[in-house]
């Protein structure tokens, strides 16, 4: 089902590594956790609901310092599909790091990693989709603190109404 | 690739804002919105008091803007009080941009991890 452009984020990156290496980094839950910054206690399996704990990433010191504040919080993921060396996907609650919020009843987004051969390695495409189903209130509260947009619009509206009484 | 890593999320946020602008594309709704912006949260009774349109029509307009995430309503006694959601316009785009940046950072870590 093709999703609207507003519903998804898509990223591509060329990884200068073998398909086996990339596949292992994605689907070995310990390896995934190492670069992402989460700790899993069990291996990934299709259809499995799992709880990970946020831990600082071992790969990047700056990110690790940022993740420190969320350390110990849990993230729920549901593994969707594992098609060996080609596709790995799971569902989760995006940006679900507010311990006061119960995300359990909210829709999850789907994260999909697809591996393609490229000249110098593996072209990895990551897609996260399903944002349109996330309640607007959640999107707002996740990243509040900027009302510049509204201030500008209100000014424009007032100007418009002055000119068009 | 035809789509650069930075263009996609920006385009997404523009598309996402479209329903908001559609909801505002009506003079009556703009007036109601400007009033809520200027005078703060208000009940329908107050909004209808010095207006020449009916309560029902005002309710319809407010609900349309609520559906687009521009306004929110809360209960105050028997009345519903309407107010502008101060974050709504910029949030959708900001949210996707923030998540998009998180992915950029995560993939940079993956790159470092597998190429080490």
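Chains as they are written, first to last, in the numbering used here: chain H, 5 to 169; chain P, 76 to 191. Ideal Cβ placement from N, Cα and C applies to all residues, glycine included.
Residue i and residue j closer than 9 Å at C-beta
| i | j | result |
| --- | --- | --- |
| residue 171 of chain P | residue 17 of chain H | no |
| residue 57 of chain H | residue 77 of chain H | yes |
| residue 93 of chain H | residue 117 of chain H | yes |
| residue 23 of chain H | residue 89 of chain H | yes |
| residue 49 of chain H | residue 86 of chain H | yes |
| residue 119 of chain H | residue 131 of chain H | no |
| residue 118 of chain P | residue 156 of chain P | yes |
| residue 174 of chain P | residue 98 of chain H | yes |
| residue 99 of chain P | residue 110 of chain P | no |
| residue 191 of chain P | residue 67 of chain H | no |
| residue 11 of chain H | residue 108 of chain H | no |
| residue 143 of chain P | residue 97 of chain P | yes |
| residue 136 of chain P | residue 182 of chain P | no |
| residue 21 of chain H | residue 189 of chain P | yes |
| residue 104 of chain P | residue 139 of chain P | yes |
| residue 115 of chain P | residue 158 of chain P | yes |
Three-state class that DSSP yields for residue i in the structure shown
| i | result |
| --- | --- |
| residue 63 of chain H | coil |
| residue 117 of chain H | strand |
| residue 44 of chain H | coil |
| residue 95 of chain P | helix |
| residue 87 of chain H | strand |
| residue 102 of chain P | helix |
| residue 132 of chain H | strand |
| residue 191 of chain P | coil |
| residue 104 of chain H | coil |
| residue 80 of chain P | Any reading at residue 80 of chain P needs caution, since the residue's pLDDT is 34, under 50, leaving its predicted position unreliable; the model's value is listed next. Residue state, collapsed to three classes: coil. |
| residue 148 of chain H | For residue 148 of chain H, the pLDDT reaches just 39, beneath the cut-off of 50, and the residue's location in the model is therefore unreliable, leaving the point undetermined. |
| residue 29 of chain H | helix |
| residue 35 of chain H | helix |
| residue 109 of chain H | coil |
| residue 49 of chain H | coil |
Per DSSP, the bridge partner or partners of residue i
| i | result |
| --- | --- |
| residue 54 of chain H | H/81 |
| residue 127 of chain H | H/18 and H/120 |
| residue 93 of chain H | H/85 and H/116 |
| residue 13 of chain H | H/132 |
Residues near residue i in its chain [Cβ-Cβ closer than 6 Å; skip 5 each side]
| i | result |
| --- | --- |
| residue 29 of chain H | 35 |
| residue 63 of chain H | 39 |
| residue 15 of chain H | 130 |
| residue 136 of chain H | 11 |
Nonlocal neighbours in the same chain, by C-beta distance under 7 Å from residue i, ignoring five residues either side
| i | result |
| --- | --- |
| residue 156 of chain H | Residue confidence for residue 156 of chain H is low, a pLDDT of 45 falling below 50, so the modelled location carries little weight; the figure read from the coordinates is stated next. Excluding positions up to five away in sequence, the list is empty. |
| residue 51 of chain H | 83 |
| residue 19 of chain H | 26, 125, 126 and 128 |
| residue 134 of chain P | 119 |
| residue 154 of chain P | 118 and 120 |
| residue 31 of chain H | 48, 86 and 92 |
| residue 141 of chain P | 147 and 148 |
Neighbourhood of residue i by C-beta distance below 8 Å, restricted to the same chain and skipping five residues each side
| i | result |
| --- | --- |
| residue 71 of chain H | 41, 58, 59, 60 and 61 |
| residue 54 of chain H | 33, 44, 46, 48, 80, 81, 82 and 83 |
| residue 113 of chain P | none |
| residue 91 of chain H | 85, 116, 117, 118 and 119 |
| residue 122 of chain H | 18 |
| residue 150 of chain P | 156 |
Every unbroken beta strand (DSSP E) inside the segment 109-187 of chain P [3 residues or more]: 146-151 and 154-159
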